[in-house]
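Working notes, beginning with the structure itself.
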Amino acid sequence: MLKNLFVVSALALAINYLQHVSHTSAMANDATKKHMLTKTSLAGKESQHYHQNVLIVGGGPAGLATALMLAKRGWTNITVLEKRPTADYYEPDKSFNYLIDGRGQNL
C-alpha cells in the first residue's frame, strides 16, 4: 500500500491555485506583486524537494500541466493516470487558448 499518497484532481488544483492567486493579488500592493514575480523569490521554493507520492487523475492539458508544475517545484514520485492508451486525442497542429474570467474563478 502506498503511504502518504496525494490524489490530485487537476481541475480542483487549478481552481485552488486560481483562488489563491486572485486572493493574494487582491491583498498585495504593487511592490509586493513585483517581489512575488521575481525569479529570486521563487528560487528557494523550487529548490525544495518533496518526496510524497502524487497521483494525478487525467492526462489532459490540465493534468499534464499540473505534473509539470509539481516537477518544476521539486516534487518527485508523480504518476499521471489516463484512461486512453495513447495521446492522440489532441490536434497537434492547432492551438487552444482558454480564458478563465472572474466567473470561472468564483466556482
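Taken in order, the sequence shown gives residues -28 to -1, 1 to 79; the numbers are from mature numbering (1 follows the signal peptide of the UniProt record, and there is no 0).
Cβ atoms here follow ideal geometry from the backbone N, Cα and C, with glycine treated the same way.
Predicted, not measured: the structure shown is a model, and the values here were computed from it.
| Check | Outcome |
| --- | --- |
| Which residue's Cα is closest to the Cα of N25: V52, L36 and G35? | V52 |
| Around the C-beta of T38, are 16 or more other C-beta atoms found within 10 angstroms, so that it is buried, or is it exposed? | buried |
| If we count the other Cβ atoms within 10 Å of its Cβ and call it buried at 16 or more, is G35 buried or exposed? | buried |
| Identify the continuous alpha helix (DSSP H) that holds T51 and give its terminal residues. | Here T51 belongs to no alpha helix (DSSP H); instead the beta strand (DSSP E) covers I50 to L53. |
| Which first and last residues belong to the alpha helix (DSSP H) in which G35 is found? | P33 to K44 |
| Take the Cβ of L40 as the centre, count every other Cβ of all protein chains shown within 10 Å, and call the residue buried at 16 or more, exposed below. | exposed |
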